[in-house]
């Protein structure tokens, strides 16, 4: 009976290692997004009148990758409040 209760409890609550793994993966997404953004901003700063650099930055800001980074950052922010 106790084993069944433990099994049921495992299905309800994620393991700490699962939570930690998810947090780590989200952190990797945020770091990658930040690095890509820094690179594109640096390109614009080096060549302020280069329209291609500005277009690349604008496209990145609207990209799915940037959106994943925003969602990952929001997840990490919320988890940090717990």
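In my numbering, the protein residues as written are 582 to 663.
We treat Cβ as the ideally placed atom computed from N, Cα and C, and that holds for glycine.
Nothing here was measured: the structure is a model prediction, and the numbers come from that model.
Where residue i sits in the DSSP three-state scheme
i, result
"residue 628", "coil"
"residue 644", "coil"
"residue 563", "Because the chain is modelled from 582 through 663, residue 563 falls outside the range shown and cannot be assessed."
Outcome for residue i when other beta-carbon atoms lying within 10 angstroms are tallied against a minimum of 16
i, result
"residue 653", "buried"
"residue 632", "exposed"
Under 7 angstroms between C-beta atoms of residue i and residue j
i, j, result
"residue 638", "residue 621", "yes"
"residue 649", "residue 625", "no"
Other residues of its chain near residue i: CB distance less than 6 angstroms, five sequence neighbours each side excluded
i, result
"residue 657", "607"
Cβ-based neighbour list, residue i, same chain, cut-off 8 angstroms, excluding 5 preceding and 5 following
i, result
"residue 629", "none"
"residue 641", "617, 618, 621, 647"
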